[in-house]
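Protein chains: 4
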Amino acid sequence: MKNDKLEVTVIGGSGYVGGELLRLLLRHPGVRISQVTSRKFVNLDVSLLHPNLRGVTDLKFSNPDEVRHSDLIFLALPNGESMNSMEKWLSLSEKVIDLGADFRLKDAAEWQHWYGKEHVLPDWLSRFVYGLPEIYRREIKSARYVAGPGCEAAVSILCLYPFIKNNIIKSHPIIIDAKMSSSQAGSKASWASHHPERAGAIRSYKPTNHRHQAEIEQAFRPFSGEVAVSISATAVEMVRGILVTIHAFLDKEIGEKEIRAILKKEYGNEPFVRIIKMNRGLYRYPEPKILQGTNFCDLGFELENRTSRLVIIGAIDNLVKGAAGNAVQCLNLMSGFPEETGLEFTGLHPV
Amino acid sequence: MKNDKLEVTVIGGSGYVGGELLRLLLRHPGVRISQVTSRKFVNLDVSLLHPNLRGVTDLKFSNPDEVRHSDLIFLALPNGESMNSMEKWLSLSEKVIDLGADFRLKDAAEWQHWYGKEHVLPDWLSRFVYGLPEIYRREIKSARYVAGPGCEAAVSILCLYPFIKNNIIKSHPIIIDAKMSSSQAGSKASWASHHPERAGAIRSYKPTNHRHQAEIEQAFRPFSGEVAVSISATAVEMVRGILVTIHAFLDKEIGEKEIRAILKKEYGNEPFVRIIKMNRGLYRYPEPKILQGTNFCDLGFELENRTSRLVIIGAIDNLVKGAAGNAVQCLNLMSGFPEETGLEFTGLHPV
Amino acid sequence: MKNDKLEVTVIGGSGYVGGELLRLLLRHPGVRISQVTSRKFVNLDVSLLHPNLRGVTDLKFSNPDEVRHSDLIFLALPNGESMNSMEKWLSLSEKVIDLGADFRLKDAAEWQHWYGKEHVLPDWLSRFVYGLPEIYRREIKSARYVAGPGCEAAVSILCLYPFIKNNIIKSHPIIIDAKMSSSQAGSKASWASHHPERAGAIRSYKPTNHRHQAEIEQAFRPFSGEVAVSISATAVEMVRGILVTIHAFLDKEIGEKEIRAILKKEYGNEPFVRIIKMNRGLYRYPEPKILQGTNFCDLGFELENRTSRLVIIGAIDNLVKGAAGNAVQCLNLMSGFPEETGLEFTGLHPV
Amino acid sequence: MKNDKLEVTVIGGSGYVGGELLRLLLRHPGVRISQVTSRKFVNLDVSLLHPNLRGVTDLKFSNPDEVRHSDLIFLALPNGESMNSMEKWLSLSEKVIDLGADFRLKDAAEWQHWYGKEHVLPDWLSRFVYGLPEIYRREIKSARYVAGPGCEAAVSILCLYPFIKNNIIKSHPIIIDAKMSSSQAGSKASWASHHPERAGAIRSYKPTNHRHQAEIEQAFRPFSGEVAVSISATAVEMVRGILVTIHAFLDKEIGEKEIRAILKKEYGNEPFVRIIKMNRGLYRYPEPKILQGTNFCDLGFELENRTSRLVIIGAIDNLVKGAAGNAVQCLNLMSGFPEETGLEFTGLHPV
């Protein structure tokens, strides 16, 4: 801490999540970014890759091999990389928030099943808190190590949590039809991301066996034993955002009013969860486009009595509530800042 | 028939389905468009509303009250209008293809349930053949009156048919998550279709109780008794096209190879159904964007053994296989033309 | 002023500029919104029309006939409306910022020529300061009445100003090829804004005789006598933003270095003008998409020696620097707040 | 010729122009594709890269080193490649249509100036006919070697031709503000084409010194001596298509009626040029989106008397009239087919 500011390091600052962390931290009144690394772009202006930061910062990328000690490190690395270097980061900071997938699951065998290789630091899995403040706020407040959730997992868990916790829906089948934006695949160009191919696409790319199923099922074991969650992911024409349409089946008769009461009980005091179920206007259910840049998770629902189906609709910005914004929210909890600090942007309309 | 050409009338030619009919019929070698009506645009060039037809036709809109006899009438009217005027159209033509919803259901009570008013011509419901050639080809060939399917129903029925007919999936739950384009809502401007609001939207607009559920369930009663189908419809950023992701559950163990064999048996000779399940390239499952302007229905699938889930993926152009192109396919069957006549366009890539 | 906050009224709060004013003012630490009016939506939540403000404000629309006195009034009315009611607004507030076109031109005859009707309050034209802070900062600071510029005019004047003031380009021809977004046409739905028609459009809609030519020419008369400016406006696929490509011709030989020096001299201290001319990276010239929600005007250029052509490239968010943000910047100047207050948002990337 | 079909080879069939040639040739009644090459994808189905051709053809890519003799060769190679291998292609076919840039310019020094390297076959430059049928129809009919125009050049020349030929506009300045789609940059992925970066972009990428200026100026030398043409190219959100807004200045007073008469004289019989200047409807000037897949060049204009400015607006599909379709039109002329054969597609609306 210098001048009462928390000294923060961002490892992996050239990607989209890293850029979003910089955007948020540069406007955070309690934080100073001391280093941001990129092996590939050492000594170049961060605004070369994040042109929205032109004139806002003079930061340059530094070498990840030359990181100095700081108060908190954010890791925004590709999956599978943070576990290889974690011991180094732990020696360079009191606190670590890992935005990758390496420390999200508690069980090393389960991790290996979904990620296809052995975990390098299995003993550390239990030491990371799953960084979803709405559910694990107390644990995060006292945590030194936090693993940020996957973006589909974050929105899906927030959508399902009140219904599973309160025994409203059956534990199987729970189907998550996820509509995904192009930024979720990262900043590296590929054939699949080539504009003439990706533009206007409505492309089923992971209809079954999605890794985030594991995180979601893990989250609900304490509440209801095993749940069986199935994700189908479709890429749609959008740069930022996720919309999930979750199809579940009622375990008992329930009305809209009762559901509203439960949602109010669970989320009424949450600064970033809004219940969106309107009977007029255009935006009657959650929609990702007006959430771009914000840390909100919007949540709506509808009942289909004929088939006992409950449809839960959730939306977030995958780079904010699904990654960088949620991590800043964790930082706020871990460091004693008001939880909304640096996350005040309301979003734009129209957009 | 003049000069061996079938004389055809299009009622309701100013909308998007009407325009698509004109586009297809103008290039159909066996057809002559004798009249195209629009009450609002009488005497104006059809190319005023359908600018792709500039230089292609000199047709003008005529008054629907002054229609002369012809060999076949297409009705492209808003839902609820064709039943009010049907007796007139029946007197003006031997054959009628209605692209609206009025004669799709066989049961008047069911129609009233879903459309919220009493049917005007209940006795005629049984005289219309449901115009889906892949399933009712024989009936359409000898039909005088055909009701074209709803677009979500068309693609959903084609996706589910092989699996329900061959008892592969359970009859409940069957969840159809439909991603819809903006043209489906028609050519009339509204707040919801205002570009700054609709552009980039991923908008849940009919999460439950979708009318097309009735058509789909009706289609499968002969095969399996009652099935319970749930549609959730989401508007995505796309002008033409539908993608359905159908989530169903296996009634018995089955492998990919066996499914491929069944699909080949059911659809191997179909000119407009393609099985799309590739293990390389970008377009591994059906995608609506490369189907724009074509009469194809592309169909793919994936199995999730862990949850006994079968995901069926289907794509069409809602204005072609979901409306006008499918109607021209019916015309071909009803009139003895080769089934693909006028429907040869392959689609574009990239697009 | 209550509790040291400036009491502000927004007249015409249901449109896009009104909504953007609310978004900015709600986060402005020195301002309190006392009233926001909409004749059509009286008593409804402002978040019904501006869904990004859900959970951020409980404001409701009030009746424009029941406006109470406040410290400053913003008028966000359709062109031609504010002059009819201006005397009323002047009686209700010390200060007025009109975001419409009624008081932008100094000459009543010129106004009548471009807007096609007689001006109702010609004597008041000279009492309004043209609200472009980068050029009229001193006048705005002491102004009571400010007329906000048209969005194409704002960006075009900022692009041309250093070059005309320093006699670098000829006064004729100056061609402004403006690429416009859909929000510029306002929040009212129309055939032209219907998504299937407007989506993906690259539509020349005002190739000649654009009204904003008058504002631009008026701005430069003090510097160089008459300039002849021609705007051609094309609607492109974008919800927010303008890109202008300005083609002008050099009055004397000049190099890139010299131009950079002039731009630095004119704009080096401006908080919202950035010179963007990079030799690496993707964003080498100004681009509107990363400016969404920000008050920046980005400005770049390129020389074509062979034809003595200077190309100036400018980008803004039409709703922010082209309207609401620029008006808040004026408010800050008029009220003694630091000029950037409430306008700190950096913009998003990717987006 | 086998069975009266012209045997045609496509060299470089994996790119977007190659794919478009295949799409058109597969539906051309007088042509048989005997070979399509791709060094990278030898033995793979062409439909792997061109998914619109699934079920339409079983063609596989063959090795460019194993090409057999055929009646006509299309070259769809990157700029600078065809001149290196041209002698081989000339030995394998009576006729060659090169869609690249290597043989478009007549002057080897000029070619070197614009393309930055020495031309390998300078003596052959004069033997290639510039393949723009509307201007060089007679020459193309008897040509063995044709060089297809660049896409911006094709639409710009067609727009300017009637005005320069008839001495209506001054020879300088002529400013072409070109709005370009993403497919024009080819099928190879890059950072610049990465969807999160390219989507929604309105990006000035070549504001000065565009290579196509040379082709355009060359085209008009016979008519008016030197003209000075300046292109500024901006990438907009569109996969296919070009819109050019051409700003020129009148050499004499002229009215709209007189211009219409000249356009009718020059283009009244052209099958693929349409004059679009409407006083009602939405599509009053040319627009690329309804031209996707078609061989049309739409052309409109507007006069600004105050500044003696003429604005000419032109639109094409860059892959069709700007490349593959125009080449098929040349093939038709060279081979005695009716000029419109295989090019009958009208385009879609809405789209």
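Heads up: the protein sequence lines correspond to chains A, B, C and D, in order. Here the numbering used here is used: the first residue of the first sequence is 1, the next is one more, and so on. Here the numbering used here is used: the first residue of the second sequence is 1001, the next is one more, and so on. Here the numbering used here is used: the first residue of the third sequence is 2001, the next is one more, and so on. Here the numbering used here is used: the first residue of the fourth sequence is 3001, the next is one more, and so on. Glycine included, every Cβ here is placed at the ideal spot set by N, Cα and C.
Beta carbon of residue i nearer than 9 Å to that of residue j
| i | j | result |
| --- | --- | --- |
| D:Val3096 | D:Met3086 | yes |
| B:Val1010 | B:Val1042 | no |
| A:Thr307 | A:Phe249 | yes |
| B:Ala1214 | B:His1069 | no |
| D:Leu3049 | D:Ser3062 | no |
| B:Met1334 | B:Leu1072 | yes |
| B:Leu1303 | B:Glu1256 | yes |
| B:Ser1181 | B:Met1238 | yes |
Cβ-based burial, residue i [other Cβ within 10 Å; buried from 16]
| i | result |
| --- | --- |
| A:Asp45 | buried |
| B:His1195 | buried |
| D:Glu3253 | exposed |
| C:Asp2123 | exposed |
| C:Arg2280 | exposed |
| B:His1028 | buried |
| A:Ser142 | exposed |
| D:Trp3191 | exposed |
| D:Ala3079 | Residue identity check: residue 3079 of chain D is Asn in the sequence provided, not Ala. D:Asn3079 should be labelled exposed. |
| D:Asn3332 | buried |
| A:Glu344 | exposed |
| A:Ser183 | buried |
| B:Ala1261 | exposed |
| C:Ser2126 | exposed |
| C:Ala2109 | exposed |
| C:Asp2102 | buried |
The beta strand (DSSP E) enclosing residue i, as first and last residue numbers
| i | result |
| --- | --- |
| C:Ser2204 | 2203 to 2206 |
| C:His1951 | No statement about residue 1951 of chain C is possible, as the shown extent of chain C runs from 2001 to 2351 and does not include it. |
| B:Tyr1161 | B:Tyr1161 -> not in any beta strand (DSSP E); alpha helix (DSSP H) instead, spanning 1151 to 1165. |
| A:Leu319 | No beta strand (DSSP E) contains A:Leu319, which DSSP labels as neither H nor E. |
| B:Ser1183 | Where B:Ser1183 is concerned, there is no enclosing beta strand (DSSP E), given that its DSSP letter is neither H nor E. |
Where the alpha helix (DSSP H) containing residue i begins and where it ends
| i | result |
| --- | --- |
| D:Ile3135 | 3133 to 3141 |
| A:Gln213 | 212 to 224 |
| C:Ala2108 | 2108 to 2115 |
| C:Val2046 | 2046 to 2049 |
| C:Ala2147 | Run containing C:Ala2147: none in the alpha helix (DSSP H); it sits in the beta strand (DSSP E), 2145 to 2147. |
| D:Arg3260 | 3256 to 3267 |
Within-9 Å CB hit, residue i to chain G
| i | result |
| --- | --- |
| B:Arg1054 | Absence of chain G from the displayed structure is noted, the protein chains being A, B, C and D. |
Check: Quick check: the stretch 2213 to 2228 of chain C against the stretch 2266 to 2277 of chain C, are there 3 or more CB pairs under 8 Å?
Finding: Because the criterion of three Cβ pairs below 8 Å is not met, the stretch 2213 to 2228 of chain C and the stretch 2266 to 2277 of chain C do not touch.
Notebook entry, point to check: Taking Cβ-Cβ distances below 8 Å as the criterion, which residues of the stretch 234 to 249 of chain A are in contact with chain B?
Noted result: Taking 8 Å as the cut-off between beta carbons, the residues of the stretch 234 to 249 of chain A near chain B are Thr234, Val236, Glu237, Met238, Gly241, Leu243, Thr245, His247, Phe249, in sequence order.
Notebook entry, point to check: Using a beta-carbon distance cut-off of less than 9 Å, what residues from the stretch 110 to 138 of chain A approach chain B?
Noted result: Correct list: empty, as no residue qualifies.
Next item on the list: Could you list the residues in the stretch 3167 to 3186 of chain D with a C-beta less than 7 Å from some C-beta on chain B, going in chain order?
Entry: Residues Ser3183.
Next item on the list: Evaluate contact between the stretch 3114 to 3130 of chain D and the stretch 3145 to 3159 of chain D, counting only Cβ atoms and requiring at least three cross-stretch pairs below 8 Å.
Entry: Contact between the stretch 3114 to 3130 of chain D and the stretch 3145 to 3159 of chain D is present, with at least three C-beta pairs closer than 8 Å.
Check: Quick one, which residues of the stretch 3271 to 3289 of chain D are near chain C if we go by CB-CB under 7 Å, in chain order?
Finding: Flagged, chain order: Leu3282, Tyr3285, Glu3287, Pro3288, Lys3289.
Notebook entry, point to check: When the Cβ atoms of the stretch 229 to 238 of chain A are set against those of the stretch 174 to 182 of chain A, are three or more pairs found closer than 8 Å?
Noted result: Counting Cβ pairs under 8 Å, three or more are found: they touch.
Next item on the list: Scan the stretch 2328 to 2341 of chain C for residues whose Cβ lies nearer than 8 Å to a Cβ of chain D and list them as they occur along the chain.
Entry: Of all residues in the stretch 2328 to 2341 of chain C, none has a C-beta nearer than 8 Å to a C-beta of chain D.
Note to self: Closer than 7 Å between beta carbons: that is the criterion. Which residues of the stretch 1289 to 1308 of chain B meet it against chain D?
What the structure shows: Look at the stretch 1289 to 1308 of chain B: the residues with a C-beta under 7 Å from a C-beta of chain D are Ile1290, Gln1292, Gly1293.
Note to self: Taking contact to mean 3 or more Cβ pairs, one atom from each stretch, closer than 8 Å, check whether the stretch 3197 to 3206 of chain D and the stretch 2283 to 2296 of chain C are in contact.
What the structure shows: Touching, yes.
Note to self: Does the stretch 3315 to 3323 of chain D come into contact with the stretch 3151 to 3158 of chain D, if we say contact requires no fewer than three beta-carbon pairs (one atom in each stretch) closer than 8 Å?
What the structure shows: When C-beta atoms of the stretch 3315 to 3323 of chain D are compared with those of the stretch 3151 to 3158 of chain D, three or more pairs fall below 8 Å, so the two segments count as touching.
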